[in-house]
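Numbering of the sequence shown is given in this note's numbering, commencing with residue -18 and proceeding in unit increments. Notes for the one structure printed next.
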Amino acid sequence: MFETENAIELIRKSERIVAFSGAGISTEAGIPDFRGPSGLWQDEDMMEKLSISCFQRNPEEFYRANVRLFSEIWQAKPTLAHRLLVRLEELGKLQAVVTQNIDGLHHAAGSRTVFELHGTYRTGHCPDCGDNFEMGHFYSEIQEGRLKVPLCSRCATPIKPDVVLFGDMLPQDAWQGAVDATSECDLMLVLGSSLVVYPAAELPMFAISGGAPVVIVNLEKTAYDSLAEVVVREKLGDFAKSALAALGE
Ligand code: NAD
Ligand code: ZN
């Protein structure tokens, strides 16, 4: 495919790539996206279930409603597209991964510089004393019916997963890191995002105004297709396979 080759050529020439990933990079790991054909948006209550007001009003209901999603995320393994970004970092061509995902799969794959704009489900903290917790075993216990709400071992307050819920603020340090990396990049690689969630979707605009081309790999149209240098309409697994082969892995 002509676009795939063009995209790989741009990757080959670039030295300060910033990758910007969305839910589409993890669908091949079995985690549904929001707006794709079988996306989570098909469930109309999703926004309410994933809101800070739901967590504060009724933590038990929050965990009951979300535990299936949490467990799916917990069991997922990184894809070839996650691997591609690790390889680019190893080659010294990629300066950061910026992700909207909460699944922690970039870390699991081995990426080092990762800005998680929407946080992660893998860890949590106590809203009262600030203690930090690994969340995986709590999700298993909830699913097995042995636990209703994970509580802080120090003060018994319900633990909140470190994820940006609807109604939460973006983590400022991750956002600043993403903006700084983007302002210095020489290529932005957008992988599997519909680019409609703000302010995260502003980042490709920052790259373009800094003079960096944008490559988009996504199965469906995105809000930025007309501004991109190359748009690849291909499954990320297939794209990553071609790119890894071209980069010598
Ligand atoms: P989105 O669901 O709006 O868009 C995903 C895009 O990826 C779609 O346009 C779809 O066509 C494309 N896509 C799906 N599978 C693909 C594949 N195999 N190859 C190429 N393209 C593919 O996702 P978004 O833009 O990231 O916004 C969703 C929001 O939901 C984010 O804020 C994110 O925090 C959250 N979310 C995260 C996860 C996760 O962590 N894995 C999953 C669902 C939602
Ligand atoms: Zn506490």
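We treat Cβ as the ideally placed atom computed from N, Cα and C, and that holds for glycine. In this text the structure is predicted, and so the values were computed from the model without any measurement.
Linking Asp219 to Tyr102 through their CA atoms gives a straight-line distance of about 27 Å. Beta-bridge annotation (DSSP): Gly148 is not paired with any residue.
By the neighbour-count criterion, in which a residue is buried when 16 or more other Cβ atoms sit within 10 angstroms of its Cβ, Cys107 is buried. Note on geometry: alpha-carbon atoms of Phe119 and Val178 lie some 29 Å from one another.
By the 16-neighbour rule on beta-carbons within 10 angstroms, Met169 is buried. Going by DSSP, Ala0 is part of the beta strand (DSSP E) stretching over -2 to 2.
According to the DSSP assignment, Arg103 belongs to the beta strand (DSSP E) that extends over 100 to 106. Around the ligand ZN, the residues whose beta-carbon falls short of 6 Å from at least one of its heavy atoms are Cys107, Asp109, Cys110, Asp112, Cys133, Arg135, Cys136, Thr138, given in chain order. In chain order, Gln76, Glu165, Cys166, Asp167 place their CB closer than 7 Å to the CB of Arg(-3), counting only its own chain and leaving out the 5 sequence neighbours on each side. Taking Ile123 as the centre and dropping the five residues before and after it, the same chain places the C-beta of Tyr44, Val48 closer than 6 Å to its C-beta, in chain order.
In this chain, Thr94 is not harboured by any beta strand (DSSP E), its DSSP state being neither H nor E. When distances are taken from the beta-carbon of Ile12 to the heavy atoms of the ligand NAD, the shortest one is below 7 Å. In the displayed model, Asn199 falls within coil according to three-state DSSP, outside both helix and strand. Taking 7 Å as the cut-off, one finds at least one heavy atom of the ligand NAD near enough to the beta carbon of Asn82. Distances taken from the Cβ of Gly73 to the heavy atoms of the ligand NAD include none shorter than 7 Å.
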